[in-house]
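In what follows, a structure is listed as structure tokens, so that the remarks can point back to it.
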Amino acid sequence: MDVYERGFIPEIPHSEEEMDVRKGPWTEEEDSMLKAYVNIHGEGHWNSVARLSGLKRTGKSCRLRWLNYLRPEVRRGNISLREQLLILELHSRWGNRWSKIAQHLPGRTDNEIKNYWRTRVQKQAKQLKYDVNSQQFRDAMRYVWIPRLIERIRASSDSPSGQPSTNAATTTTYIDSISNITTSQITYAKTIGSVQVDRSLMPELSGTSSDSLDTQVSSVTDLTDCYNPQNVSNFPNNFQNGSGLYQENLTATWGRDDEVEFQATEEQSNGWLGGGDSMDTVWNEENIWFLQQQLYDEA
DNA sequence: AATCGCGTCAACCGCTTCGCA
DNA sequence: GTGCGAAGCGGTTGACGCGAT
Numbered sequence: 002m003d004v005y006e007r008g009f010i011p012e013i014p015h016s017e018e019e020m021d022v023r024k025g026p027w028t029e030e031e032d033s034m035l036k037a038y039v040n041i042h043g044e045g046h047w048n049s050v051a052r053l054s055g056l057k058r059t060g061k062s063c064r065l066r067w068l069n070y071l072r073p074e075v076r077r078g079n080i081s082l083r084e085q086l087l088i089l090e091l092h093s094r095w096g097n098r099w100s101k102i103a104q105h106l107p108g109r110t111d112n113e114i115k116n117y118w119r120t121r122v123q124k125q126a127k128q129l130k131y132d133v134n135s136q137q138f139r140d141a142m143r144y145v146w147i148p149r150l151i152e153r154i155r156a157s158s159d160s161p162s163g164q165p166s167t168n169a170a171t172t173t174t175y176i177d178s179i180s181n182i183t184t185s186q187i188t189y190a191k192t193i194g195s196v197q198v199d200r201s202l203m204p205e206l207s208g209t210s211s212d213s214l215d216t217q218v219s220s221v222t223d224l225t226d227c228y229n230p231q232n233v234s235n236f237p238n239n240f241q242n243g244s245g246l247y248q249e250n251l252t253a254t255w256g257r258d259d260e261v262e263f264q265a266t267e268e269q270s271n272g273w274l275g276g277g278d279s280m281d282t283v284w285n286e287e288n289i290w291f292l293q294q295q296l297y298d299e300a
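Its first residue numbered 2, the first sequence is counted upward by one per residue in our numbering.
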């Protein structure tokens with residue numbers, strides 16, 4: 002005889018106030034309960050989930066735990082170079098629209114991307130003594146970090162000891178797709194497509210070039226190590242040496258107290274990374290789509 | 001061995017948006 | 001048009017792990 006036959010109906014709390022709400026880290030048991038419930042009833046109606054599953058958690062908490070951790074699609078582990086590239090770009094377009102950015106990175110959650118941004122990107126800005134939203138930092142991202150990321154992706158693909166698999170092939174294709182954008186305008190796409198990054202400026206590149214596309218990038222060395230005063234004056238030349246197409250007037254000057262001041266004297270800076278038509282050309286929908294497809298392939 | 005500092009990331013909080021009656 | 005509850009979103013916090021001292 003079960004409780005229902007005896008006329009006993011278990012009390013179901015109707016509000017969070019009626020529940021002895023639990024907070025803090027989830028236990029394995031709670032995870033199992035939530036998984037089991039969602040597997041049977043599906044996602045959504047999170048307040049009901051909280052009430053009916055027996056979990057002493059708020060609906061919000063259940064939703065968050067499911068979306069950020071328990072969902073089968075959730076992809077854990079280091080943010081790959083391609084993913085970083087995509088995050089930088091999409092953030093330049095949409096700013097802190099984390100969930101929107103996450104939609105374009107298969108298996109990644111908004112929380113993860115937000116954390117990446119705060120722990121890595123903002124740290125870079127801090128180390129350079131820039132505001133993360135400042136034009137200087139945007140320029141640094143645009144002219145240093147992104148080309149460097151692309152270079153690293155390329156290095157990974159080119160390396161004999163790297164990943165000779167489809168990853169390498171698709172990466173090369175992607176880079177080529179950037180390089181081969183045809184437009185009547187001088188484009189940043191061409192610039193970064195043919196830029197020759199001086200390996201001496203990038204210690205870890207001057208050694209092995211076999212780092213995996215999924216290697217976690219050192220958060221400290223990313224931008225700052227190739228952005229020190231000795232190297233700064235070389236950047237415009239590096240770009241120009243690469244293609245001869247680089248026409249934007251980027252000047253690096255010395256500020257007081259040895260602070261580097263980058264000045265990109267473009268006429269217009271629309272997007273986060275400066276934009277104008279140059280970045281728009283690189284990051285057209287086709288290229289973003291292409292990069293996304295690679296990420297879906299990886300996932 | 002102890003503790004300190006720092007980085008990471010899961011989880012919470014408060015606000016906004018959405019959907020429905 | 002309005003009110004209300006649910007869901008979603010972004011900012012922030014705090015626990016934890018790990019390396020340095």
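For each residue, glycine too, the CB sits at the ideal point set by N, CA and C.
Fair warning: this is a prediction, and the values are worked out from it, not measured in the lab.
For Ser-54, the number of other beta carbons within 10 angstroms of its own is at least 16, and it is reported as buried.
In the structure shown, the three-state DSSP call for Trp-99 is helix. No Cβ-Cβ contact shorter than 7 Å links Trp-95 with Lys-115.
When DSSP states are grouped into helix, strand and coil, Asn-134 belongs to the coil group. His-105 is a Cβ neighbour of Leu-91, given a cutoff of 7 Å. Arg-121 counts as buried, since no fewer than 16 other beta carbons sit within 10 angstroms of its beta carbon. Distance between Arg-58 and Asn-69, taken at the CA atoms: about 16 Å.
For Ile-41, the number of other beta carbons within 10 angstroms of its own is below 16, and it is reported as exposed. Nearest in C-alpha terms to Trp-146, of all of Arg-77, Pro-26 and Gln-125, is Gln-125. In this structure, the beta-carbon distance from Arg-64 to Gly-108 does not fall below 7 Å. The DSSP-derived three-state label of Lys-24 is coil.
When the alpha-carbon of Leu-71 is set against those of Trp-27, Arg-119 and Gln-136, the nearest one is in Trp-27. Counting along the chain, Asn-116 sits inside the alpha helix (DSSP H) bounded by residues 111-117.
Within a 10 Å sphere around the beta-carbon of Arg-119 sit fewer than 16 other beta-carbons, which makes this residue exposed. Residue Ala-103 holds the alpha-carbon nearest to the alpha-carbon of Ile-88 among Gly-78, Ala-103, Glu-74 and Asn-79. Shown here, Gly-43 sits in coil according to DSSP, grouped into three states, outside any helix or strand. Val-50 and Glu-74 have their C-alpha atoms spaced approximately 20 Å apart.
Straight across, the Cα-Cα distance linking Gln-136 with Gln-128 is about 15 Å. Going by DSSP, Leu-106 is part of no alpha helix (DSSP H) at all; its letter is neither H nor E. Counting other Cβ atoms within 10 Å of its Cβ, Ala-37 stays below 16 and is therefore classed as exposed. In the structure shown, the three-state DSSP call for Gly-60 is helix.
Counting C-beta atoms within 10 angstroms of its own C-beta, Asp-140 has 16 or more neighbours from the protein chains shown and is therefore classed as buried.
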